[in-house]
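Take a look at the structure set out below.
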Amino acid sequence: MGSDAIEVTLTTFNGGRSLGIIHVGQVSAGGRAWRASKVLGMCWSIALVTALIPVAHFVLVPAFLLAGPIAAIAAYARERIVIGGSATCPNCRGAVALRRGSASTGFTQNCPSCRVQLNVAPTSPPWDGGATAP
Ligand SMILES: [Zn+2]
11 MGSDAIEVTL
21 TTFNGGRSLG
31 IIHVGQVSAG
41 GRAWRASKVL
51 GMCWSIALVT
61 ALIPVAHFVL
71 VPAFLLAGPI
81 AAIAAYARER
91 IVIGGSATCP
101 NCRGAVALRR
111 GSASTGFTQN
121 CPSCRVQLNV
131 APTSPPWDGG
141 ATAP
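Read in order, the letters of the sequence shown are residues 11 to 144 in my numbering.
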């Protein structure tokens with residue numbers, strides 16, 4: 011699995027901003043099918059557990075049964091995922107290891123030091139081509 015290094019911008023709710031790098035890799039069809047089946051199994055397992063909750067099971071069981079295939083299709087469609095990355099927290103200036111498995115088009119993550127929510131997004135828009143930022 012080859013990977014591309016892409017520059018990302020981390021922002022916080024209070025306007026803090028810093029830069030980082032993520033490594034994005036292509037996922038094989040088999041890997042995507044495995045991820046999709048894990049998502050489907052997780053949703054349907056939750057549906058099974060929520061069947062034991064009185065009254066709420068009228069809503070939760072059908073919701074998770076329907077959400078399973080939808081989430082599985084979304085997981086299968088994700089051909090490029092983050093396989094790692096590093097950045098500096100804009101709030102506390104601590105090192106942040108960016109989460110593996112996230113969507114390559116942007117995601118949120120909490121800083122391990124100060125717990126502030128970080129919005130991670132690519133710095134340059136043409137990002138499906140795998141080009142790195144200038
Ligand atoms: Zn922090």
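Glycine included, every Cβ here is placed at the ideal spot set by N, Cα and C.
query, result
"With a cut-off of 8 Å on the beta carbons, I'd call Asp14 and Val34 a contact; round off their distance for me.", "5 Å"
"Cβ-heavy atom distance between Ser28 and ligand 1 below 6 Å?", "no"
"With a threshold of 6 Å (Cβ to nearest heavy atom), would Asn129 be considered close to ligand 1?", "no"
"Return helix, strand or coil for Ala39, following the three-state DSSP convention.", "helix"
"Considering only C-alpha positions, which residue in the set Ala81, Ala82, Ala61 is nearest to Pro72?", "Ala61"
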